[in-house]
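Here's the structure we're looking at; comments come further down.
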Amino acid sequence: MQSPLHGQMMDMPLLISSFMTHAARHFPGIEIVSRRHEGDLHRYTYRDAEVRMRQMASALERRGIEMGERVATLAWNGYRHMEAYYAVGGKGSIVHTINPRLHPDQIAWIVNHAEDSMLCFDLSFLPIVESIAPRCPSVKHWVAMCDPDHMPRSAIPNLLCFESLLAEGDPRWQWPEFDERSAVGLCYTSGTTGHPKGALYAHRSTVLHAYAASLPDAMRLSARDVVLPVVPMFHVNAWGIPYAAPLVGAKLVFPGAHLDGKSLYELFEGEGVTFSAGVPTVWQGLLAYVKDHLCKFSTFRRTVIGGSACPPAMIETFRDFYSVEVIHAWGMTELSPLGTLAQLQSRHARLSVMQQQRLLEKQGHVVYGIDMKIVDDQNRDLPWDGTSFGNLMVRGHWVINSYYRNEGGNPLVRDAQGRSWFPTGDVATIDPDGYMQITDRTKDVIKSGGEWISSIDLENLAVAHPAVVQAAVIGIPHPKWDERPLLIVVKRRGADLTREDLLRYYQGKVAKWWIPDDVQFVDSIPLGATGKILKTRLREVFADYRFAHSGH
Ligand code: AMP
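At position 457 of the sequence shown the residue is numbered 457 (our numbering), and the sequence of numbers has no breaks.
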């Protein structure tokens, strides 16, 4: 084969440090505002932030943190967390964000598996750190993310203060250039079954993901935006926002630990937030607050909702009562995380409002950089007809090719052309316009009489009932049908709602055989560490539950 003629273009490696050098140089006065542990608002600019990031990177180097070493964080969304992202990643080490809502035993397991050398934590997580420190021998330094005045009294060995550590660094230190395929971030999957597995992102994949996330048919981010990520920076890098915001020059607002409706509303209004992102459960608190207090949003115009299925009722409430556009999105840790987003295209302009609404309720269309398909159990392609459902497979620039330390072996599946695909574990349909809709996680679909029932569809309908706050549907073993759906519901306080009301409510809305066999009212539904309904826990709670009747 002849050797290719190379293009005569500059060859600059795609490194995350370039987001901050760009923002500091071209958007120097744009602010990063953070609600701190102390409760006050901290504000500074991209220019100030970038200097501190370099200074911190230099301090880490002086403390002997090498390229490729892992530095963990246990922290809320805030400016020091963002500084840790860039200081660690920009110098060639790996920022390993850990979800503090996990059980301390699981956190210790993850720290040991990743062999983190340093762990930076917000003061609210001091009890976790105290409990895991004796069990994590790889961690040479524990860094409290505060100033010297707020340093806790603690017996943790090698406890450092973030601000004192930063002061050890040289603000004249410059970002190094290295191979763009070097690792920059490590996130563990939620691990609802077995131990969690790590997704190890590269600089190149992270930069490409941030470009794509900003596109008009993705998050539509621009220098006109004020972005408040409600999604935590420990949930797949807040879906890439800490990288995409400086890329476009958007103002950033970090809510810290204060995620209740009132605190969020005040921050949205006070800082002129235009765009946000989060899982469905976090919006319930904000929507309840604005409803109870008859508030409106003066600047908030759109939000990405994903991580689990966004109920259509939530999309409607945001749109009809608050003029906020919901962009429903699907992704996963293994995809950095963005895969698809639901927005209309020019060819949909003529559709009725109802038809448009149906499209926007789906998980959406791929962004450039991701390809997808659905296959049957023999790995044969299924048609894009909007009704055939099968296993969702993806490939692309920001999809993992293996888990950290090759845990679980090679996850990829090859097609006849020899191309590799990542099996997502989701079951989905794809319509002729390329809009994907998730039916369920493979392990959550309810198999009834050889057919499948989508628990997501039944849950979406239930939460659209005015007397229902939260709903989950699980399959219960059934002697005749294999499995039948059980609806588990949290009622609105004081609501007069019976089992019969709910079952009647499904009539005419779904096929008769989809209607759940029973309803159980509960005080709360267990949520996992990223705010998703914990079906595994619900299945344990209802392990001995059996329907009173055997037919339906
Ligand atoms: P995680 O890696 O913990 O973020 O979980 C990824 C999984 O969350 C996906 O494989 C889906 O099962 C689920 N998920 C993410 N976004 C959505 C969505 N918009 N609708 C339904 N399920 C979703």
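Ideal Cβ positions, reconstructed from N, Cα and C, are used throughout, including at glycine.
With DSSP as the reference, label H552 as helix, strand or coil.
For H552, the pLDDT reaches just 42, beneath the cut-off of 50, and the residue's location in the model is therefore unreliable, although a value from the coordinates is still provided. It is coil, neither helix nor strand.
Is it the case that the Cβ atoms of V51 and P171 are separated by a distance below 9 Å?
yes
Looking at ligand 1, does it come within less than 8 Å of S336, judged from the CB to the closest heavy atom?
no
What are the uninterrupted segments assigned as alpha helix (DSSP H) that are 4 or more residues long and contained completely in the segment 20-82, given in chain order?
46-62
So R70 and D116 are in contact, right, with Cβ under 8 Å, and what is the actual spacing, rounded?
4 Å
With M372 as the anchor, note down where its beta strand (DSSP E) starts and where it stops.
Where M372 is concerned, the enclosing beta strand (DSSP E) stretches over 370-375.
Is there contact here, the segment 157-170 with the segment 55-65, by at least three beta-carbon pairs under 8 Å?
yes
Under 8 Å by Cβ, that's how I've got I400 and E334 pegged, so tell me the actual separation to the nearest angstrom.
I400 to E334, Cβ: 5 Å. Contact.
Nearest-angstrom Cα distance between S524 and A313?
20 Å
Using beta-carbon positions only, say whether H22 and S205 come within less than 9 Å of one another.
no
Under the three-state reduction of DSSP, which class applies to N391: helix, strand or coil?
strand
Buried or exposed: M20, going by 16 or more other Cβ atoms within 10 Å of its Cβ?
buried
Going by the C-beta, is K262 closer than 8 Å to any heavy atom of ligand 1?
no
For the beta strand (DSSP E) that contains S263, what are its first and last residues?
It is not in any beta strand (DSSP E) - S263 instead sits in the alpha helix (DSSP H) that spans 261-271.
For the beta strand (DSSP E) that contains A202, what are its first and last residues?
Here the beta strand (DSSP E) through A202 covers 198-202.
R302 versus F268, A309, G285, residue with shortest Cα-Cα distance:
F268
Give every residue of the same chain whose Cβ lies closer than 8 Å to the Cβ of Y438, excluding the five residues on either side of it in the sequence, and list them in chain order.
One detail in the question is off: residue 438 reads as Ile in this sequence, not Tyr. Taken in chain order, the residues that qualify are A309, W330, Q363, L392, D426, V427, A428, I456.
Any 3 or more C-beta pairs closer than 8 Å across the segment 483-495 and the segment 512-530:
yes
Buried or exposed: which applies to Q470, given that a residue is buried once 16 or more other Cβ atoms fall within 10 Å of its Cβ?
buried
Taking DSSP's pairing of strands, which residues face L527 in a bridge?
I533
Note the first and the last residue of the continuous alpha helix (DSSP H) segment covering P280.
280-292
With a threshold of 8 Å (Cβ to nearest heavy atom), would I456 be considered close to ligand 1?
yes
Beta-carbon spacing of L264, Y243 below 9 Å
Cβ atoms of L264 and Y243: not closer than 9 Å.
Mind checking who P466 pairs with in its DSSP beta bridge?
None; P466 has no bridge partner.
When the Cα atoms are used, what is the spatial distance from G551 to W481?
The pLDDT assigned to G551 is 44, lower than 50, so where the model puts this residue is not dependable; a value taken from the coordinates is nonetheless given after this. Rounded to the nearest angstrom, the two C-alpha atoms are 8 Å apart.
Looking at the secondary structure, which residues open and close the alpha helix (DSSP H) in which L165 lies?
162-167
Nearest-angstrom Cβ-Cβ length linking W283 and I305, presumed shorter than 8 Å:
7 Å
G39 classed as buried or exposed, judged by whether at least 16 other C-beta atoms fall within 10 angstroms
exposed
Measure the alpha-carbon distance for N99 versus M332 and round it to whole angstroms.
If you take the alpha carbons of N99 and M332, they lie about 15 Å apart.
Since I believe V236 is in contact with P255 (beta carbons under 8 Å), could you give me their beta-carbon distance rounded to a whole number of angstroms?
With 8 Å as the limit, P255 and V236 do not qualify as a contact, their Cβ atoms being about 17 Å apart.
Going by the DSSP bridge assignment, what does S190 pair with across the sheet?
As computed with DSSP, S190 is found in no beta bridge at all.
Count the other CB atoms within 10 Å of the CB of L221; is the residue buried (16 or more) or exposed (fewer)?
buried
Closer than 8 Å is the cut-off here; do at least three beta carbon pairs connect the segment 57-68 with the segment 201-215?
Too few Cβ pairs lie closer than 8 Å, so no.
Heavy atom of ligand 1 within 8 Å of V71 beta-carbon:
no
Between V207, L159, P383, which has its C-alpha nearest I374's C-alpha?
When each option's Cα is compared against that of I374, the closest is P383.
Are the beta-carbon atoms of I16 and G68 separated by less than 9 Å?
no
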